[in-house]
Structures are given as C-alpha cells and as structure tokens.
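What follows is a set of notes on a single structure, which appears directly below.
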Amino acid sequence: MIPLTKPSIGINEINSVSNTLKSGWITQGPKVQEFEKNFINYTGAKYAAAVSSCTTGLQLSLISLGVQPGDLVITVSHSYIATANSIRHAMAEPVFVDVDKSNYNLDLESLKNFILNECVVKDGVIHYKKHKDLIENSPTLKHLKKLNGRISAIIVPHQIGIPANVKGIKQFLNNYEIAIIEDAACAIGSIYDHKKYIGNPVGDTVCFSFHPRKVITTGDGGMVTSNNKKVIENIKSLRNHGMNIDPYKRKSSNKYYFDVHIDNGYNYRLTDIQAAMGVEQLARIDEIVDERRQLGDIYKTELSTIKGLSTFENEKGNLTNWQSFPINILTRQNSKQLVRYLFDRGVFSKRGVMNSHEEPPYIEQSWNLKNSEYLLNKTVLLPMYNGLTKRILNLFAKSQ
Numbered sequence: 019m020i021p022l023t024k025p026s027i028g029i030n031e032i033n034s035v036s037n038t039l040k041s042g043w044i045t046q047g048p049k050v051q052e053f054e055k056n057f058i059n060y061t062g063a064k065y066a067a068a069v070s071s072c073t074t075g076l077q078l079s080l081i082s083l084g085v086q087p088g089d090l091v092i093t094v095s096h097s098y099i100a101t102a103n104s105i106r107h108a109m110a111e112p113v114f115v116d117v118d119k120s121n122y123n124l125d126l127e128s129l130k131n132f133i134l135n136e137c138v139v140k141d142g143v144i145h146y147k148k149h150k151d152l153i154e155n156s157p158t159l160k161h162l163k164k165l166n167g168r169i170s171a172i173i174v175p176h177q178i179g180i181p182a183n184v185k186g187i188k189q190f191l192n193n194y195e196i197a198i199i200e201d202a203a204c205a206i207g208s209i210y211d212h213k214k215y216i217g218n219p220v221g222d223t224v225c226f227s228f229h230p231r232k233v234i235t236t237g238d239g240g241m242v243t244s245n246n247k248k249v250i251e252n253i254k255s256l257r258n259h260g261m262n263i264d265p266y267k268r269k270s271s272n273k274y275y276f277d278v279h280i281d282n283g284y285n286y287r288l289t290d291i292q293a294a295m296g297v298e299q300l301a302r303i304d305e306i307v308d309e310r311r312q313l314g315d316i317y318k319t320e321l322s323t324i325k326g327l328s329t330f331e332n333e334k335g336n337l338t339n340w341q342s343f344p345i346n347i348l349t350r351q352n353s354k355q356l357v358r359y360l361f362d363r364g365v366f367s368k369r370g371v372m373n374s375h376e377e378p379p380y381i382e383q384s385w386n387l388k389n390s391e392y393l394l395n396k397t398v399l400l401p402m403y404n405g406l407t408k409r410i411l412n413l414f415a416k417s418q
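Sequential numbering from 19 applies to the sequence shown in our numbering.
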C-alpha cells in the first residue's frame, strides 16, 4: 500500500535529538531559541514564537490580538476543524464564508458579500446582524450575557499549501478594525508574490504546523511569526503559564530572577527535543520542497491524459509547496468512490479538505457554503511525500 504521507527524517535529525537528550535540557530552552531564530531568517518575519501546535498558535494569536469572549471571527469552514476550534478555544465563535473552487481558499467576493450584506459597520467595527442565531448552538456564546456580534478577527488559511489572496483580503479590510491571522499550517515553503515565502505576515500573525503530515515536522508542534514585537512577547508569556521570563533565560543569567505569572496562561510550549528536530528539518526545507514540486510535475504530466480529472494550476507569482496534491473529479463520480477505488488498488488517498460546518460541533448552525460542499464531494488528495517519486512512476508505468 502506498501511504498518503510519510515524514522525511534523516540522520541529522536523529543525531540532533540524541544530543539534546544527552544535554540534560529537554523542555523549552536553547534549541527552541535556535529554531525560532532560524525560522525568522527563513521567512523574513521580525519575530517568532514556537508553540505546541498550530491550533494553539491560532488561539494565542486571537487572544494577543484583542479578541474578546463573545466576539466573532470570520474564517472558512473548508479547513481542518482545528481552525474553527481554535476560535472557540479563545472563547469566540466562528462565522463561515465560502471558498473559491479554483484554489480551495477563502473567496474574496464571498467575504465582501458577507460583510456588505450580512453585517453592519459602526465606527469601523464590523457587527454580524444574525449573531443571536448562533447562540443556541454555540457552547461558547450561550453562557455569555452580553453579545453584540462584534467581528474582531479573520483567519485566512493557505489551504493544503496553496497561497491565499491575503493581500487582496487585507486591502478590502483596510478600513475596518479587524485583526488578520494567516493559518499557514500546511504552507511552509510556499511562495506568494513571486519570491516571498509565506511567513512574513501580510496581516498580523502567521501560524504554522509541524504535524507529521506537514512538509517539515517536529513530531507535533507549531510556530507563530509576526512583525509586532508586543504580540510575540505576549504569546511567549501565554505559552508558558503567563510567566514573565523565559525559564532558560533565567537559568542562563548571572542574576537571580523571581518569576511572576502575569496572566492566566497555558502549557503550550514546544520542547527542545522537538526543536532539535525542527532545526535540522528547516535546514533541508529547500531540498524537501524541490522534490515535492518535481513529484507534482510528474503527477500533472501523467494525469493530463485522464479524461474526467483536473489538477491545480499555480496562480501567477505563487508556488505551492505541494503539501497535498489535489485532483478534481469532473464526472458524476464522487470523492468517496474514487478513494475506495484507489484503496482497492494499493493507493491510500483522502477525500478533499473537510468542512467544519458539516461536523457535529457546528452542524446545527445553518451555513450556505456551496463551493465548500462541492469541493469535499469532488476533490481527492493523492499521496505526497519525499521519496515517493520512483514508486509513483512505477505505478503509472504499470497502468499504461
């Protein structure tokens, strides 16, 4: 069976983790600092904070950017449920807009229609007219007494590594008081605007995932980048129980520091064990992404002869990292049928990106998201990982 994905882990990662284990400092420490510094150098962002996952990075971004309990946050349903869940973890509630069928990302026209037709604006602040309809089916909102439908942030995913139109979204939202967070869980190594790596924020923060399905991995974990020093300082405090000083900085200092917990923080730290792996993975990022792009080209060439299927085309100036390779079904068949067909022939694939509004925690709310539902029903993600190329070539050769 050809798996959907497999992490690319080399001897350098193994040795780095081993050395960290031997060092005696295995929680958040010098390797986390090194990983953050290298990530800044790679993305071009001014600041970075390593966290336990992209989900926690999104939550801490929302809190640090001023999202209050009972606020609403715009995002897409067509994303892994962690995007929507992170909003509820911040004691806010997601409101969903539709995606563009051509690129799986938030559709700017849908966003414009939502704000102009379903919201009112007071002094630059967006308020959702139907916010009371969300209360009954929201575990977050139903316990709060004062609700005004204030929309205080938007989370824009770069879905499956494909760059979203964050620039256009920001231009549209310039006259509103709203924080912009990029969910780049899948997008390390993707390029937008010709030569810019995703990670130097177009908005306020960018959040990455290092889950094993992603292009680089630390086993699990995440990173938040920003050009706002105060936001990153707040995230660094919140990730460590609200402590006012980094434990390793305190240990390394000649001066004794009495720590103070200045906020109700969380245990959202990345360990040095994970960061040791991340440092070596990031050092190989260009090699890893280049191989995935070569595999993407092979897929596109071989699949171009199959009627009833289409593949994704990069938009001008953008390059996906091919975190996943999506194909769209143009016939009456659906994604479930194709996934079963491939499974029976030794290829593990996956239905396209899930829809949060069709899952139990959100299904009671009524959302009209036709493109999102169409894509889940008509998109399949094919195997994509480093080292797959020869197996794919052999598979296509046998099918001719």
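Glycine included, every Cβ here is placed at the ideal spot set by N, Cα and C.
Here the structure is a predicted model, which is why all the values come from computation and not from measurement.
Going by Cα to Cα distance, which pick from the options is closest to residue i?
i	options	result
residue 298	237, 148, 249, 347	237
residue 95	87, 104, 89	104
residue 398	120, 367, 52	367
residue 242	32, 110, 254, 234	254
residue 311	179, 197, 365	179
residue 117	80, 373, 327, 377	373
residue 121	261, 293, 181	181
residue 24	412, 405, 413	405
residue 308	329, 248, 247, 403	403
residue 349	357, 334, 327	327
residue 379	26, 100, 80	100
residue 27	329, 113, 240, 230	230
residue 265	133, 246, 46	46
Helix, strand or coil for residue i? Go by DSSP, reduced to three states.
i	result
residue 204	coil
residue 241	strand
residue 83	coil
residue 255	helix
residue 389	helix
residue 263	coil
residue 110	coil
residue 55	helix
residue 197	strand
residue 214	strand
residue 29	helix
residue 268	helix
residue 220	coil
Could you tell me whether the Cβ atoms of residue i and residue j are closer together than 8 Å?
i	j	result
residue 250	residue 65	yes
residue 313	residue 407	yes
residue 139	residue 110	no
residue 206	residue 221	no
residue 337	residue 209	yes
residue 97	residue 175	yes
residue 347	residue 411	no
residue 226	residue 202	yes
residue 77	residue 102	no
residue 370	residue 387	no
residue 63	residue 244	yes
residue 190	residue 124	no
At least three beta-carbon pairs within less than 8 Å, the region 143-151 to the region 187-201: By the Cβ criterion, the region 143-151 is in contact with the region 187-201, since at least three pairs of Cβ atoms, one from each stretch, lie closer than 8 Å.
Within the region 138-191, ranges of the alpha helix (DSSP H) (whole runs, at least 4 residues): Considered as a whole, the region 138-191 harbours 150-153, 184-191 as its complete alpha helix (DSSP H) runs of no fewer than 4 residues, in chain order.
Contact between the region 51-60 and the region 182-192 (3+ Cβ pairs under 8 Å): No: fewer than three Cβ pairs fall under 8 Å.
Contact between the region 130-139 and the region 71-83 (3+ Cβ pairs under 8 Å): Output reads no: the region 71-83 does not touch the region 130-139.
Any 3 or more C-beta pairs closer than 8 Å across the region 36-43 and the region 257-264: Contact annotation: the region 36-43 does not touch the region 257-264, with fewer than three C-beta pairs closer than 8 Å.
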